[in-house]
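The opening position of the sequence shown corresponds to residue 4 in the working numbering, with each subsequent residue numbered one higher.
Every residue, glycine too, gets a C-beta built ideally from N, C-alpha and C.
One structure below.
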Amino acid sequence: MLFRREAAKPEIAPGSTYRRSRGEVVEMARVIAVVADPGGIPHVRFNLHIESRTCHSDEQRTLAVEAFSSLYAEPVRA
């Protein structure tokens, strides 16, 4: 039986930017902070810029680190 080691994900840190594409929609997430909630679960607070042909939006969101990592897996180089 073969096991594949998962590639190490870069550490999520304030100032880091990540990208997600869904068809014609591009999302850019810029990390503001990584903090633990009262239960000790780490969360990412980030600014989200969503752009498509017809509209764009800017908002602030919070996700658990695990959820953020799975949605925004493509780091953007500075």
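So A81 is in the alpha helix (DSSP H); what residue range does that whole segment cover? A81 -> no alpha helix (DSSP H), and no H or E assigned at all.
Determine the DSSP secondary structure at A16, reduced to helix, strand or coil. coil
Proximity below 7 Å, CB of A39 to CB of R48: no
Which residues in the same chain have their Cβ closer than 7 Å to the Cβ of I53, if we skip the five residues on either side of it in sequence? V28, E30, H59 and S60
With the cut-off set at 7 Å, would you say A70 and H46 are in Cβ contact? no
Identify every residue that forms a DSSP beta bridge with R64. F49
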